[in-house]
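J.: Pasting a structure here, questions to come.
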Amino acid sequence: MRPAASTRVRFAPSPTGSLHLGNALTAVANRDFGDWLLLRIDDTDPARNVPGGEETILRDLEWLGIAWDEGPVRQSERQERYREAAAPLGDRFGRTTLLREDGSATYQLASVVDDVDFAITHVIRGSDHRPNEALHRALHEALGTTPPEYIHHGLILGPDGRKLSKRDGMSSIAELRDAGIPAEAVRAYLDELGLPRHDVHLDPSRIRRLAVEALAAMPDEELAGRTGAPVELVPALRGARDLNEARDYAQLILVPEPVSLPDAARPTLERFRELANGDGHVVVRELKAVGGDLKALRLALTGRDRGPELATIIDALPREEALRRIDAAL
Ligand code: GLU
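With the numbering used here applied, the sequence shown closes on residue 647, and no number is skipped along the way.
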């Protein structure tokens, strides 16, 4: 249940490149839970920082439709504040290093100080950080501050139960985007997972199902924009299961492969010439009724033996263009 008082949360990725799906889950969980969200960049470990890593994360968050209320706040720019906070504690806290030899703060110190300074009420993060909770609480006590509530969610593992990795093809936002999965589907999948108590296995077929639903719900202009296709082509793209397939469909209608068909195809194509004025579904029905070779027609129109529903291809092509392709194929 959502507490009545305003909840202040933070999402704190390290700038290591496109968000791992598990980190994206953390981001969505924070956004869904919090009234106010800080975007904090945990860049205290220069060895892990990747050039352009922060921009990539910002772009991933925007792609997922996650807006934040403050930030990005970079820990690298708050070193003085961390040193000041650590002054009464020293460079070490028990067995934990707070300040490195060069005077820079470690993640442990920086994270707790930031949670204090930004009045974070709930820390929501992956269960890989559960071992840090006791230390973070102890640091709060030593600093004389009240710890936030800690909520650790289960991790997303690969479908096989191993650590999610590139081999699964969907381990980061970049990979999902490259696979043509629309942002809405990824967001819906993560919203659906919520705050899993235990580790969950990635369910690629669920993501693909949500992709089909997201495409179905997408307005014509939007689908045209995302595939770079003219809006007249959109009905022919509707059968695609993801944005890459939709782009392929658009491509094969716009830029047909040249073909030359055997004479056996002639009667079907001649009949098509006579019918070409009509609605695509009617044309297909009539060709079927006379035993026409629909595969030959598809080949003549697109140069491929597979693709969007034939009737939608017929509807998408201006009559002149369809006839030109028929002539070229014969
Ligand atoms: N930078 C840490 C990570 O990316 C965040 C840890 C935290 O939320 O406290 O895992």
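Cβ atoms here follow ideal geometry from the backbone N, Cα and C, with glycine treated the same way.
Report yes if the C-beta distance between I498 and H470 is below 8 Å; otherwise report no.
T.: No, the pair does not count as a contact, with Cβ atoms beyond the cut-off.
J.: Which ranges would you report for the beta strand (DSSP E) in the stretch 434 to 481 if only whole runs of at least 3 residues count?
T.: Here the runs fully enclosed are 439 to 443 and 466 to 470.
J.: Thinking A505 and L527 are a contact (beta carbons under 8 Å), I'd like their distance in whole angstroms, please.
T.: Right, their Cβ atoms sit about 5 Å apart.
J.: Is there contact between the stretch 389 to 403 and the stretch 420 to 437, where contact requires at least three CB pairs shorter than 8 Å?
T.: The stretch 389 to 403, when compared against the stretch 420 to 437, does touch it at the 8 Å Cβ threshold.
J.: Measure the C-alpha to C-alpha separation of T414 and A500 and round it to an integer number of angstroms.
T.: Taking the straight line joining both Cα atoms gives about 40 Å.
J.: Any heavy atom of the ligand GLU closer than 7 Å to the beta-carbon of V440?
T.: Yes - the ligand GLU has a heavy atom lying nearer than 7 Å to the Cβ of V440.
J.: Starting from R558, trace the beta strand (DSSP E) in both directions and tell me its first and last residue.
T.: Taken as a continuous stretch (DSSP letters only), R558 belongs to no beta strand (DSSP E), as it is neither H nor E.
J.: For the ligand GLU, is there any heavy atom lying closer than 7 Å to the beta carbon of N347?
T.: Result no, Cβ not under 7 Å from the ligand GLU.
J.: Leaving out five residues before and five after L512 in sequence, what residues of the same chain have Cβ atoms less than 6 Å from its Cβ?
T.: Same-chain partners within the cutoff: A346 and H470.
J.: I'd like to confirm the pairing. Which residues does DSSP put opposite R325 in its beta bridges?
T.: W353.
J.: Kindly examine the ligand GLU and report whether one of its heavy atoms sits closer than 7 Å to the Cβ of P513.
T.: The answer is no for P513.
J.: By the DSSP assignment, the alpha helix (DSSP H) with V601 in it spans what residues?
T.: From DSSP, the alpha helix (DSSP H) with V601 extends over G597 to A606.
J.: Considering only C-alpha positions, which residue in the set V572, W385 and P476 is nearest to Y328?
T.: The question names Tyr, but residue 328 in the sequence shown is Phe. Measuring from the Cα of F328, the nearest candidate turns out to be W385.
J.: Can you look up G609 in the DSSP assignment and give me helix, strand or coil?
T.: G609: coil per DSSP, three-state reduction.
J.: Taking 8 Å as the cut-off, does the stretch 332 to 343 touch the stretch 364 to 380 (at least 3 CB pairs, one atom from each stretch)?
T.: Yes, since at least three Cβ pairs between the stretch 364 to 380 and the stretch 332 to 343 fall closer than 8 Å, the two stretches touch.
J.: So what does DSSP say about L416, is it helix, strand or coil?
T.: Here L416 sits in strand by DSSP.
J.: What is the residue span of the beta strand (DSSP E) that R365 lies within?
T.: Element bounds for R365: n/a, residue is neither H nor E.
J.: Grab the span of the alpha helix (DSSP H) containing R514 for me, first residue to last.
T.: Counting along the chain, R514 falls outside any alpha helix (DSSP H), and DSSP gives it neither H nor E.
J.: Taking only beta-carbon atoms, is Y424 less than 8 Å away from chain D?
T.: Judged by its chain identifiers, the structure shown contains no chain D, having just a single protein chain.
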